[in-house]
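Student: Structure in structure tokens, see below.
Numbering (the numbering used here), first residue to last: 358 to 787.
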């Protein structure tokens with residue numbers, strides 16, 4: 358059996374990680390020595406929901422009305438830390454800074470039913486607590502959470518920074534430093550060959566690109582730029598590589614347990630998935646239309662389909678990683694949920710558009726939409742029923758028969774566009 362360290366990379370999405378490598382020298386080095394999952398998607402857009410999904414291996418809190426609610430247990434629902442504690446492991450959560458998340462983690466039993474959590478006031482004390490666990494004689498399973506990169510905790514005096522951008526960079530510097538220190542401690546105490554370290558991002562931040570949302574930059578609907586995050590698995594004996602396999606946050610528990618108990622054949626036989634399902638609040642939580650509207654998305658390797666009270670949104674997450682263009686806005690939808698390309702776009706002026714939306718592409722998008730729609734209908738039905746909510750409530754809260762249209766081009770007409778061009782040129786004297 359091996360030791361386990363689950364390292365939380367707060368507010369880090371794949372876009373930041375892949376484009377700002379200078380902020381993550383330690384994690385980049387670890388990545389080259391590990392398995393890097395290029396298509397890992399989180400299952401929620403807020404920290405504690407993701408941690409719970411990972412530790413318990415599923416979305417088991419949907420009947421809860423808040424993150425602190427611990428009324429969700431069944432005899433088959435246990436955290437991997439609880440299971441490892443039963444097997445004789447010394448288990449613990451270690452976090453810094455000492456923040457409100459700490460009390461919610463304890464009250465909601467986010468890591469497990471009987472898992473001790475220590476929140477440190479100083480960064481040096483945080484590192485010391487990690488070292489004390491690693492250097493001990495017992496087998497250990499640790500959760501390490503450095504929350505300095507969370508937008509609300511960058512004002513900690515130790516983080517510093519003169520403005521929002523410098524605080525942003527310093528927050529990520531701290532989580533990168535923590536990752537580097539963990540690897541050094543494992544080498545120092547000769548535990549590297551007997552310890553699995555899993556580094557994962559919980560969510561990214563959307564700087565109001567999809568609306569003000571009463572100020573929230575995560576916990577909003579599950580756009581792929583928020584839930585596409587890094588996953589790095591450093592496991593002794595595993596070949597270092599980059600994997601394009603689609604992985605969900607709820608897969609980590611099974612992966613970790615099999616690695617810990619050296620079940621090599623079963624590790625190689627982990628279930629391959631075609632889709633990841635994600636949401637932003639529990640089924641039983643109240644909808645706040647202006648802040649945290651309820652949203653569910655299904656993600657494949659290339660596309661995501663999301664449904665909210667406002668309707669449906671389809672994105673090509675490879676060509677459009679920030680989800681700026683809802684492809685369904687170029688379509689109409691009928692009462693049966695079928696889509697048809699809108700006639701006013703067939704004679705649009707630019708060949709850029711016309712070369713993109715050729716007939717074959719329209720048929721392709723129609724096929725992708727139908728596949729994702731079926732999965733999303735079934736997944737939302739299952740999650741609502743699991744929270745003792747009937748299908749009528751789902752259909753009231755989620756609109757599968759409307760397209761969420763929010764761009765100016767929805768009123769596009771070529772003749773009107775040319776008249777507007779002429780009017781502007783006349784006004785400018787051109």
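All C-beta atoms in this analysis are idealised placements derived from N, C-alpha and C, irrespective of residue type, glycine included.
Because the structure is a prediction, the values reported are computed rather than measured.
Does the Cβ-Cβ distance between residue 605 and residue 393 come in under 9 Å?
Tutor: In this structure, residue 393 does not lie closer than 9 Å to residue 605 by Cβ.
Student: Out of 737, 667, 745 and 725, point me to the one whose CA is closest to residue 759's CA.
Tutor: Minimum Cα distance to residue 759 is reached at 667.
Student: I'd like the list of long-range same chain contacts for residue 655, defined as Cβ closer than 6 Å, with 5 residues on each side in sequence excluded.
Tutor: 632, 634, 662, 729, 732 and 733.
Student: So if DSSP puts residue 447 in a beta bridge, which residue, or which two residues, is it bridged to?
Tutor: 497.
Student: Less than 6 Å between C-beta atoms, sequence neighbours within five positions excluded: which residues of the same chain meet that for residue 369?
Tutor: Excluding sequence neighbours, residue 369 sits near 558.
Student: So, under 8 Å CB-CB, residue 436 and residue 484 are touching, yes? Tell me the CB distance rounded to an integer number of Å.
Tutor: With 8 Å as the limit, residue 436 and residue 484 do not qualify as a contact, their Cβ atoms being about 25 Å apart.
Student: Which first and last residues belong to the alpha helix (DSSP H) in which residue 558 is found?
Tutor: Looking at the DSSP string, residue 558 is not in any alpha helix (DSSP H); the run it does join, the beta strand (DSSP E), is 552 to 558.
Student: Over what stretch of residues does the alpha helix (DSSP H) that includes residue 717 continue unbroken?
Tutor: First-last of the alpha helix (DSSP H) with residue 717: 716 to 743.
Student: Taking 8 Å as the cut-off, does the CB of residue 386 come closer than this to any heavy atom belonging to the ligand GDP?
Tutor: Of ligands this structure carries none, so the ligand GDP is not represented either.
Student: Rounded to whole angstroms, how far is the Cβ of residue 491 from the Cβ of residue 548, which I believe are closer than 8 Å?
Tutor: The pair is a contact, with the Cβ atoms about 6 Å apart (cut-off 8 Å).
Student: Along the chain, where does the alpha helix (DSSP H) that runs through residue 458 open and close?
Tutor: From DSSP, the alpha helix (DSSP H) with residue 458 extends over 457 to 464.
Student: Using the rule of at least 16 other Cβ atoms within 10 Å of the residue's Cβ for burial, across every protein chain shown, is residue 388 buried or exposed?
Tutor: With 16 or more Cβ atoms within 10 Å of its Cβ, residue 388 is classed as buried.
Student: Taking only beta-carbon positions, decide if residue 636 is within less than 9 Å of chain B.
Tutor: Absent from the structure: chain B. Only one protein chain is present.
Student: Does residue 453 come out as helix, strand or coil in the three-state DSSP assignment?
Tutor: Reduced to three states, the DSSP call for residue 453 is strand.
Student: Can the beta-carbon of residue 539 be found closer than 9 Å to that of residue 613?
Tutor: No.
Student: Give me the Cα-Cα distance between residue 755 and residue 690, rounded to the nearest whole angstrom.
Tutor: Computed Cα separation, rounded: 15 Å.
Student: Quick one: using the 10 Å Cβ neighbour count with 16 as the cut-off for buried, is residue 695 buried or exposed?
Tutor: That one is exposed.
Student: Answer with buried or exposed for residue 750, where buried requires no fewer than 16 other C-beta atoms within 10 angstroms of its C-beta.
Tutor: Counting Cβ neighbours within 10 Å, residue 750 comes out exposed, since fewer than 16 surround it.
Student: Identify which residue in 384, 586 and 545 has its Cα closest to the Cα of residue 530.
Tutor: The option with the nearest alpha carbon to residue 530 is 384.
Student: Return yes when the Cβ of residue 649 is within less than 9 Å of the Cβ of residue 741, no when it is not.
Tutor: Result no, Cβ atoms of residue 741 and residue 649 do not sit closer than 9 Å.
Student: Tell me the DSSP bridge mates of residue 663?
Tutor: Bridge partners of residue 663: 654 and 670.
Student: Secondary structure at residue 410, three-state DSSP: helix, strand or coil?
Tutor: If DSSP states are grouped into helix, strand and coil, residue 410 belongs with the helices.
Student: With a threshold of 8 Å, are at least 3 pairs of Cβ atoms found where one atom belongs to the segment 450 to 466 and the other to the segment 490 to 510?
Tutor: In short, these stretches touch, since the Cβ pair count reaches three.
Student: If you compare alpha carbons, which of 708, 714, 693 and 709 is closest to residue 700?
Tutor: Minimum Cα distance to residue 700 is reached at 714.
Student: Candidates 719, 672 and 609: which alpha carbon is nearest residue 415's?
Tutor: Measuring from the Cα of residue 415, the nearest candidate turns out to be 609.
Student: Give, in chain order, every unbroken run of the beta strand (DSSP E) that is at least 3 residues long and sits entirely within the segment 573 to 600.
Tutor: Entirely contained in the segment 573 to 600, the beta strand (DSSP E) runs reaching 3 residues are, in chain order, 588 to 591.
Student: Please look up how many angstroms separate the CB atoms of residue 560 and residue 399, rounded, as I've assumed it's under 8 Å.
Tutor: Sure, about 6 Å apart at Cβ, within 8 Å.
Student: Taking the beta carbon of residue 703 as the centre, do at least 16 other beta carbons fall within 10 Å, making it buried, or is it exposed?
Tutor: It counts as exposed.
Student: Would you grab the beta carbon distance between residue 476 and residue 459 for me? Rounded to a whole angstrom, and I think it's under 8 Å.
Tutor: With 8 Å as the limit, residue 476 and residue 459 qualify as a contact, their Cβ atoms being about 4 Å apart.
Student: In the structure shown, what three-state DSSP assignment does residue 379 receive?
Tutor: If DSSP states are grouped into helix, strand and coil, residue 379 belongs with the helices.
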